[in-house]
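**Student:** Have a look at the structure that comes next, please.
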Amino acid sequence: MKKSILALSLIAAFILQSCNQTPKKTTEATTEPVIEGLGLTEQEVVDSWVYTLARYLVIRQEHIDMSEDGMDYNIIKYNELGKAEFVNPNLDVAYLEAWFAVDENTPVILEVPKVEGRYYTAQIVDEWAEILYNINERNYPDQPYGQYALCLKGSNPEIPVGALRIDLPSKKAKMLARVERQGDDAGALALQKAFKIIKTGEPVIEPAIEIPMFTNKEIITVGAFNKPMLQKVLESAPDAVSNSDDLQKNVLAIADFIEKGETNKQSIDAIIKAKAIPAFLKHVMDAGDNRGGWTSTREYEKFGDDYWSRAGVNYAGIWWNSSLEVVYYMGFIDKDKTPLHGDNDYIIHYTTEDLPMNHVNAYWSLTMLSLPDYRVVPNELERYNLNNISELTYEEDGSLKLYIASELPEGAPKSNWLPSPKGKNFVMNHRLYVPKKEVLSGDYYVPEIQKLD
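Take 601 as the starting number for the sequence shown in the numbering used here and just add one per residue.
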């Protein structure tokens, strides 16, 4: 695919600098003049592009998933342990995924095995990537395992006796299920394969909507407002955002405006490239609770009405989960607000009170990812993350120092080293699974990312 120099330069510009102003993220009242012939402000155009982007990113992922050999709706894909060939991977779990498809007369049955002594969840999200359910012992104490009947909301199909009914807002949903490896891969694999999907018939399934297959480097711009395609996109799945009707009205108004002539199309494209993309990329890096180089998701049990964050997460690491399940700390910069770069060495120092295992009820991990595609960084050690079962070296006082560098820093134990890409920017993803209340409140925060002299 031909690369867009503009898109690449915008991404690079906003990764390689620390911005101090937060862009507008809502369609609040403004004195900004409206665009003649459209009746919307430039900020409303920006908001409209960000709003639609979230859905396009899910559709893109649906196409990617369905292009894999053996993949289909209502079939589980059991991912290989340690496989890192996808965006923002979680290497600490046995992973499985599926696209559910139902209709008015045809539910599908998910069978979850009994899991004891290790973390697990069956996360189900809608077609905008909003979290619908996490099936586990914390959320379903009366039925933490067994059969669950996924039904189209408002339908009344027959379901098996003993199956717990779970409603879906549209005819498709995505499942990401995880079982903690915990150093016992044989046990994790056995539990992974015990998750089953049982078909009750053959639902009528619409294929993924045809869209231009864009990348994070060459993101979709004015093409998102192609009216015939856009109408299919918006009609394909209801949105839980409370003002979605108003947002979609603006989106369609832009589509109508573009249809009136090439000049209109070029003006919208210019706004997206000059204003929407820079503001969006900045939001990806700055959203949430920011401290010491990290951006935390602790405040997000769900996206709710924050469609900017929804689009940002779908872009940077699609299939994000609720902060009640996991708090992510994304590190783009160090404590001095300088972008992380493989030509520098960094340290994260946990005091004995700061040790992450003290603040979770499950496990923790630290993963390094490339930019702008959010993939693991290849290295000679084939080490992509550190976690609670890594054989780490602790200081005499019980504290822990983790090192991020392209080469092992002098005096640093090799066990505590995560190799970074020399000459390139990167991002860190620090996960705390089943965080304790002090994490969710913000009273505890992971230590700052410090640049070593």
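Just so it is clear, CB atoms sit at the ideal spot from N, CA and C, and this is done for glycine as well. Given the structure is predicted, the values throughout are model-derived calculations rather than measurements.
Just the C-alpha distance for residue 864 and residue 668, rounded to the nearest angstrom, thanks.
**Tutor:** Taking the straight line joining both Cα atoms gives about 38 Å.
**Student:** Quick one: give me the first and last residue of the alpha helix (DSSP H) that residue 921 is part of.
**Tutor:** No alpha helix (DSSP H) holds residue 921; DSSP gives it neither H nor E.
**Student:** Relative to the C-alpha of residue 678, which candidate in 646, 779, 706, 828 has its C-alpha closest?
**Tutor:** Among 646, 779, 706, 828, the Cα nearest to that of residue 678 belongs to 779.
**Student:** Please specify which runs of the beta strand (DSSP E), each continuous and at least 3 residues long, are wholly inside the stretch 682–762, giving them in chain order.
**Tutor:** The stretch 682–762 contains these whole beta strand (DSSP E) runs: 693–701, 708–712, 720–725, 731–735, 746–752.
**Student:** Can you tell me which of 647, 635, 711, 724 puts its alpha carbon nearest to the alpha carbon of residue 918?
**Tutor:** Here the closest residue by C-alpha is 724.
**Student:** Can you tell me whether residue 762 is buried or exposed, with buried defined as 16 or more other CB within 10 angstroms of its CB?
**Tutor:** Residue 762 should be labelled exposed.
**Student:** Under 8 Å between the Cβ atoms of residue 923 and residue 898?
**Tutor:** In contact: residue 923 and residue 898 (Cβ atoms closer than 8 Å).
**Student:** Exposed or buried, residue 804, counting other C-beta atoms within 10 Å across all chains shown (16 or more means buried)?
**Tutor:** That one is exposed.
**Student:** Would residue 740 and residue 841 qualify as a contact pair, given that the criterion is a beta-carbon distance under 8 Å?
**Tutor:** Not in contact: residue 740 and residue 841 (Cβ atoms no closer than 8 Å).
**Student:** Do the stretch 976–993 and the stretch 1003–1022 touch if we need at least three Cβ pairs shorter than 8 Å?
**Tutor:** Touching, yes.
**Student:** Confirm, please, whether the CB-CB distance from residue 1047 to residue 933 is below 8 Å.
**Tutor:** No, they are not a contact pair.
**Student:** If we require 3 or more residues per run, which beta strand (DSSP E) segments fall completely within the stretch 778–815?
**Tutor:** 796–799, all fully within the stretch 778–815.
**Student:** Can you list, in chain order, the stretches of the alpha helix (DSSP H) that have 4 or more residues and sit fully within the stretch 961–1047?
**Tutor:** With a minimum length of 4 residues, the continuous alpha helix (DSSP H) runs that stay inside the stretch 961–1047 are 1037–1041.
**Student:** I'd like to confirm the pairing. Which residues does DSSP put opposite residue 933 in its beta bridges?
**Tutor:** Paired residue(s): 939.
**Student:** Under 7 Å: does the beta carbon of residue 1032 sit that close to some heavy atom of the ligand SAH?
**Tutor:** Questions concerning the ligand SAH fall outside what the structure shown contains, since it holds no ligand whatsoever.
**Student:** Which one of 942, 702, 881, 809 has the shortest CA to CA distance from residue 913?
**Tutor:** Closest by alpha carbon: 881.
**Student:** Just to check my reading of the structure: residue 964 and residue 988 have Cβ atoms closer than 8 Å, yes? What is that Cβ distance to the nearest angstrom?
**Tutor:** 5 Å between Cβ atoms; contact.
**Student:** Just curious, the alpha helix (DSSP H) that residue 767 is in, first and last residue?
**Tutor:** Not the alpha helix (DSSP H): residue 767 falls in the beta strand (DSSP E), residues 764–768.
**Student:** Thinking C-alpha only, which one of 815, 736, 903 is nearest residue 710?
**Tutor:** It is 736 whose Cα lies nearest to the Cα of residue 710.
**Student:** Who pairs with residue 776 in a beta bridge, going by DSSP?
**Tutor:** Partner(s): 697, 723.
**Student:** Can residue 1027 and residue 931 be called in contact, C-beta distance under 8 Å?
**Tutor:** Yes, these two residues count as a Cβ contact at 8 Å.
**Student:** What residues in its chain sit with their C-beta under 6 Å from that of residue 801, if we drop five residues either side in the sequence?
**Tutor:** 706, listed in sequence order.
**Student:** With a 10 Å radius around its C-beta and 16 neighbouring C-beta atoms as the bar for buried, classify residue 768 as buried or exposed.
**Tutor:** Per the 10 Å Cβ criterion, buried.
**Student:** Inspect the beta-carbon positions of residue 772 and residue 700 and report whether they are closer than 8 Å.
**Tutor:** Yes. Within cutoff.
**Student:** Measuring alpha carbon to alpha carbon, tell me which residue in 950, 753, 991, 915 is nearest residue 659.
**Tutor:** Minimum Cα distance to residue 659 is reached at 915.
**Student:** Expressed to the nearest angstrom, what Euclidean distance is found between the alpha-carbon atoms of residue 858 and residue 783?
**Tutor:** Rounded to whole angstroms, residue 858 to residue 783 spans 55 Å at the Cα level.
**Student:** So what does residue 634 bridge to, in DSSP terms?
**Tutor:** For residue 634, which the question treats as bridged, DSSP gives the partners 641.
**Student:** Out of 1052, 1053, 649, 1042, point me to the one whose CA is closest to residue 847's CA.
**Tutor:** Taking only the C-alpha atoms, the option nearest residue 847 is 649.
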